[in-house]
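For reference, the structure discussed in these notes is given below.
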Amino acid sequence: MSGNASNANLFWTTYQPYTLFIYSLHCFEAVLSLTGNTLTLIAIRKTKNLKKVPTNVFIMSLASSDAIIGLLIPVFVGVKFLDTEQFSNGTMCLLHGPYISMFIISLMILLAIAVDRYLAIVHSLSYKQRMTLRRAKIITVVIWIVSLCSMTSLTCYYSFKRNVSEQGIRIIGSLYPKFVLMILLQIGIIGPLLGNIVLYILIYIKLKTKTIFRGRGINNGLNESATSKPTKAYVNMMVLVLVYLGIACIPYYVILVILKEMTSSTPVWFVYLFDTSTVLFYSNCFMNPFIYSWKNRNFRNAYKTIMTVKRSSSVVPSERTRTIFISMDTY
């Protein structure tokens, strides 16, 4: 017992500044997540027209899951940074179940948003029939139920790896049996990422086709720069989504796979690398409101109304925005 205590003390002496720095970053992420996602939820709840748009059902669900992640981050990360010998796998499993479920829900909702945008732009004429408010709600409920049930059951296989060496004792990450890890990898990153890539490529092709078609009508009074500007803005947003998903998610899961294969004590540099990847991974929960809400003119108007505590008639989407809210004009 004395050996364990001395190892723990040595760990805090060696890693305390770095650990406190990482934990501070996670707390900062939690504050940003709670603030941004709460504002998004209030904007949708308080603005009548925003509640009538199917896309915003997904955005509201995304904000809800990300806000819950913001609440759980300090608790879960804090437990991992404490003297880890006092926590059993069962305790960590109970903490990890809802935690990983919220991340899976968030990523699956991102895929649902991509599908919604694909239908709105590529199949714009039939969008109102294909994606109704009721269908959007049903899809959201199904995602929540399936993700919560499946991920909570999978986390019963959860365990964690302690790095016991001369530097002390340290939990460096969650470990699953290989088949469980591959399921999480497929559902949590590869599926949504590939789905987003394919759908946004199809959207890009459709937008380019529309731009070329409109450009040919310049002699009929169409302004080419006016038509290409929203297209460029929308393409920039799609690139931002894909690049950020890759930067935030892929390193984290690659490191988890490598960690699974390690049998001996983990090198110190790998511990630093893992903690850095978690900071990037968790940042997804506060970036989503910026990408999907704050860049939208209608949401910005709603935020202004909330911040000034006044009723504003400026948040009245046009008929076109009401029909296809995620159209490129709104960005």
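Numbering (this note's numbering), first residue to last: 708 to 1038. Cβ coordinates follow ideal geometry from the N, Cα and C atoms, glycine included.
A buried status is given to Ile780, since no fewer than 16 other beta-carbon atoms sit within 10 Å of its beta-carbon. Counting other Cβ atoms within 10 Å of its Cβ, Phe728 stays below 16 and is therefore classed as exposed.
Runs of the alpha helix (DSSP H) lying entirely within the segment 941-1004, each at least 4 residues long, are 975-989, 991-996 in chain order. Taking each of Thr1012, Tyr959, Leu732, Tyr999 in turn and checking the Cα distance to Val946, the smallest one comes out for Tyr999. In the structure shown, the three-state DSSP call for Met838 is coil. The shortest C-alpha to C-alpha distance from Ile812 to any of Gly898, Tyr911, Glu968, Val950 is the one to Gly898. The Cβ-Cβ distance between Asn1003 and Tyr951 does not fall below 9 angstroms. Short of 8 angstroms from the beta carbon of Val738, and not among the five residues preceding or following it, lie these beta carbons of its own chain, in chain order: Gly777. Exclusion of the five residues before and after Tyr907 leaves Met945 as the residues of its chain whose Cβ lies within less than 6 angstroms of its Cβ. Under the DSSP assignment, Leu757 falls in the alpha helix (DSSP H) whose first and last residues are 755-758. Around the beta carbon of Val964, fewer than 16 other beta carbons lie within 10 angstroms, which makes this residue exposed. When DSSP states are grouped into helix, strand and coil, His830 belongs to the coil group. Ile852 sits exposed, since fewer than 16 C-beta atoms from the chains shown fall within 10 Å of its C-beta. In the pairwise beta carbon analysis, the segment 826-838 is classified as not touching the segment 740-758: fewer than three pairs are separated by under 8 angstroms.
Two segments are said to touch when three or more pairs of C-beta atoms, one from each, lie closer than 8 angstroms; by this definition the segment 977-997 touches the segment 732-750. The Cβ neighbour count for Leu814, taken over all protein chains shown within 10 Å, is at least 16; the residue is labelled buried. For the pair Ala750 and Tyr911, the CB atoms are not nearer than the 9 angstroms cut-off. Counting only unbroken stretches of 4 or more residues, the alpha helix (DSSP H) elements lying wholly within the segment 735-781 are 755-758, in sequence order. Rounded to the nearest whole angstrom, the C-alpha separation of Leu949 and Val975 is 31 angstroms.
Taking a 10 Å sphere around the C-beta of Thr916, we find fewer than 16 other C-beta atoms and assign the residue as exposed. Selection Thr747, Ala821, Thr839, Tyr806 evaluated against Val905 yields Ala821 as nearest (Cα-Cα).
The beta carbon of Ala819 is closer than 7 angstroms to those of Phe765, Ile846, Ile850 in its chain, skipping five residues each way along the sequence. Around the beta carbon of Val782, a 10 Å sphere encloses fewer than 16 other beta carbons of the protein chains shown; the residue is thus reported as exposed. Taking Val961 as reference, the option from Gly895, Ser854, Cys856 with the minimal CA-CA separation is Gly895. Classified as buried, Met767 has 16 or more neighbouring CB atoms from the shown chains inside 10 Å of its CB. Contact check for Asp773 against Phe993 passes: the beta carbons are separated by less than 9 angstroms.
In its chain, beyond the 5 residues on either side, Asp773, Gly777, Cys992, Phe993 have a beta carbon closer than 6 angstroms to the beta carbon of Ser740.
Excluding the 5 residues flanking it on each side, Asn763 has same chain C-beta neighbours closer than 6 angstroms at Ile751, Leu757, in chain order.
It is roughly 14 angstroms from the alpha-carbon of Leu891 to the alpha-carbon of Pro958.
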